[in-house]
């Protein structure tokens with residue numbers, strides 16, 4: 001799957017800024033792939049991009065209309081269909097991260113076929129996969145792992161890709177979640193594959209490559225999250241990472257959505273991830289910590305990162321506040 | 001899902017005894033649920049059950065025709081369809097473990113509807129699932145885990161169920177694979193669920209129960225198998241086991257189908273499984289080892305089991321050769 005870029009980002013008529021998380025992620029990480037935004041009357045959210053209609057967006061090269069916001073329930077509202085139809089009729093592909101599938105609307109399927117464009121239902125992609133083999137492959141791979149869900153693995157992966165490219169490394173972000181896939185234009189929603197194929201999906205996502213090429217694989221979940229650890233485990237084995245970056249939120253009291261599940265310690269989490277990765281990657285090492293410190297003052301954040309760095313002997317940073325150049329430099333130096 | 005028992009076991013016209021593995025498993029573990037077998041001309045495999053035609057089987061109470069053999073490729077041969085049609089027309093349900101789905105044959109679907117019977121495609125059941133919560137629940141649970149795939153986790157689970165029932169415990173086998181589901185008449189093919197729902201499936205499979213009730217959950221894969229560890233991990237978390245039984249094949253040189261993946265040591269495997277289980281089950285313990293010693297002499301087998309038992313301080317047995325009463329007794333005593 002390769003979603004043709006650049007995009008026109010469709011925001012619908014949402015009023016909750018959080019609903020535009022996907023669209024904002026694309027805009028932050030691939031601004032050059034966003035020709036503009038399209039909003040319906042009543043929409044109070046904006047990315048600050050130029051507002052374009054379909055015709056103008058096509059004229060400026062937009063290849064895909066991205067449904068970049070989700071209303072509650074993830075369905076496709078009737079009054080969004082006019083925009084989707086107009087985009088298809090103008091020759092644009094449509095990519096959606098909604099639960100409700102474009103492919104379940106026969107009218108849209110027929111219209112897309114007649115205009116020779118594609119409909120991408122990101123949450124429901126079912127690539128043909130094999131089970132993982134664990135066979136050694138060439139190229140270098142970094143995997144972001146985490147103490148929990150939603151601690152910044154996608155952000156960290158994309159920030160690391162940017163920082164590594166900046167110091168001259170060949171680095172490609174490999175997306176495993178919905179927003180990441182729209183950012184990269186490709187990827188596999190790894191939590192949506194059949195359980196037997198998790199590791200195989202991760203292998204397919206980060207195939208053998210040149211010896212000096214880096215894949216930065218977006219992690220998912222946590223080995224310590226009672227809901228999603230299976231996904232994390234298969235991803236660790238399939239990614240066959242040479243380096244791990246541990247993502248964490250400073251001060252989070254318990255596992256996300258599970259007040260009965262205490263937060264794991266950084267030391268236990270690092271050890272468990274290194275052990276798991278060791279099954280397919282003999283010399284896997286910890287490259288550093290990416291810590292979301294948004295709930296703390298800058299001073300507290302700095303002190304915490306310094307303390308973690310001293311304890312583990314690797315860089316620890318908040319990539320949003322302090323950047324991630326230290327981890328990129330370590331990877332460049334130690335390869 | 002509850003597949004109505006007893007069964008008529010359909011063997012088709014296979015000639016490879018291994019192809020009847022599923023049918024044989026049902027016959028070994030639930031002989032009282034097998035009214036007979038049905039073979040086509042050319043079939044050289046038999047379970048030694050009485051050969052019955054459809055009408056006689058129905059008269060003797062058979063509720064479901066089980067396609068209990070697989071031809072190479074797992075498809076449904078044209079010349080088996082006559083038997084399937086006859087069973088449906090006689091009021092029997094049909095359960096199939098083939099890759100090819102009964103539900104993909106519109107003629108069979110229509111026939112089943114008109115006779116008010118059900119078609120069960122075991123490999124393709126998609127129960128409505130939630131993600132796992134990791135919340136503590138009542139009842140006792142044992143999970144079989146393994147150093148590898150195909151080391152006897154289903155056999156061990158069923159043998160343990162039988163041994164525990166024999167000493168007066170309330171024990172129920174909980175099936176996670178195809179053959180196990182046909183044996184139990186219910187279960188969830190856990191390697192076929194969507195990755196996000198592995199732990200949730202295991203929770204649904206072994207729900208809260210009476211304090212003195214035991215679920216014996218059939219394990220899958222291995223934390224050290226590069227293809228399937230994600231499934232194993234989610235199952236461990238969702239099963240929330242109080243006790244683990246470690247299954248192993250004596251002398252196996254490397255992970256199944258993966259000559260480049262060395263076999264894990266028992267000590268490392270036990271430790272990793274206990275650590276993983278600890279995420280949802282604080283006091284999880286090892287109950288013993290179930291070792292497939294079929295490649296060794298009885299003397300070697302005994303010596304190996306004794307050595308393992310001495311090293312870990314728990315029973316170690318080959319359940320086929322020596323039974324599994326020692327582990328059942330330990331569970332009864334220590335609860």
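Protein chains in written order, with full-length UniProt numbering: chain X, 1 to 335; chain S, 1 to 335. Ideal Cβ placement from N, Cα and C applies to all residues, glycine included.
Answer with buried or exposed for residue i, where buried requires no fewer than 16 other C-beta atoms within 10 angstroms of its C-beta.
i              : result
residue 344(S) : The structure shown does not extend to residue 344(S), since chain S is modelled only from 1 through 335, so no value can be given for it.
residue 140(S) : buried
residue 240(S) : buried
residue 104(X) : exposed
residue 265(X) : exposed
residue 132(S) : buried
residue 5(X)   : buried
residue 306(S) : exposed
residue 331(S) : buried
Compare the C-beta of residue i against all C-beta atoms of chain S and say whether one is closer than 8 Å.
i              : result
residue 252(X) : no
residue 280(X) : yes
residue 174(X) : no
residue 248(X) : no
residue 230(X) : yes
residue 261(X) : yes
residue 207(X) : no
residue 122(X) : no
residue 233(X) : yes
residue 224(X) : yes
residue 258(X) : yes
residue 237(X) : yes
residue 366(X) : Examination of residue 366(X) is not possible in this model, given that chain X is present from 1 through 335 alone.
Alpha carbons only, please: which of the options is nearest the one belonging to residue i?
i              : options                           : result
residue 91(S)  : 62(S), 28(S), 29(S) and 77(S)     : 62(S)
residue 115(S) : 85(S), 134(S) and 142(S)          : 85(S)
residue 272(S) : 254(S), 255(S), 246(S) and 296(S) : 246(S)
residue 290(X) : 284(X), 277(X) and 325(X)         : 325(X)
residue 179(S) : 190(S), 170(S) and 169(S)         : 190(S)
residue 81(X)  : 59(X), 60(X), 73(X) and 109(X)    : 109(X)
residue 152(S) : 292(S), 103(S) and 237(S)         : 292(S)
residue 71(S)  : 165(S), 19(S), 267(S) and 231(S)  : 19(S)
residue 14(X)  : 27(X), 6(X) and 73(X)             : 73(X)
residue 172(S) : 217(S), 257(S), 199(S) and 149(S) : 217(S)
residue 48(S)  : 75(S), 17(S) and 59(S)            : 17(S)
residue 181(X) : 123(X), 163(X), 210(X) and 138(X) : 123(X)
residue 28(X)  : 226(X), 320(X) and 281(X)         : 320(X)
residue 12(S)  : 233(S), 44(S) and 335(S)          : 44(S)
residue 227(X) : 231(S), 208(S) and 197(S)         : 197(S)
residue 303(X) : 256(X), 257(X) and 250(X)         : 250(X)
residue 257(S) : 230(S), 278(S), 21(S) and 221(S)  : 221(S)
residue 97(X)  : 106(X), 75(X) and 111(X)          : 75(X)
residue 161(X) : 143(X), 148(X) and 177(X)         : 143(X)
Are the C-beta of residue i and some C-beta of chain X separated by less than 8 Å?
i              : result
residue 184(S) : no
residue 241(S) : no
residue 79(S)  : no
residue 272(S) : yes
residue 131(S) : yes
residue 275(S) : yes
Give me the DSSP bridge partner(s) of residue i.
i              : result
residue 291(S) : 248(S)
residue 64(X)  : 7(X) and 93(X)
residue 285(X) : 243(X)
residue 51(X)  : 37(X)
residue 262(X) : 254(X)
residue 145(X) : 246(X)
residue 198(S) : Paired residue(s): none; residue 198(S) is not in a bridge.
residue 12(X)  : 39(X)
residue 172(X) : 215(X)
residue 121(S) : 96(S)
Checklist entry - Which residues, in order along the segment 98-128 of chain X, keep a beta-carbon less than 9 Å from a beta-carbon of chain S? => result none
Checklist entry - Quick one, which residues of the segment 185-200 of chain S are near chain X if we go by CB-CB under 9 Å, in chain order? => result 190, 191, 192, 193, 194, 195, 196, 197, 198, 199 and 200
Checklist entry - What residues from the segment 133-163 of chain X come within 9 Å of chain S, judged by C-beta to C-beta, listed N to C? => result Of all residues in the segment 133-163 of chain X, only 133, 134, 135 and 136 place a beta-carbon less than 9 Å from a beta-carbon of chain S.
Checklist entry - Using a beta-carbon distance cut-off of less than 7 Å, what residues from the segment 46-80 of chain X approach chain S? => result none
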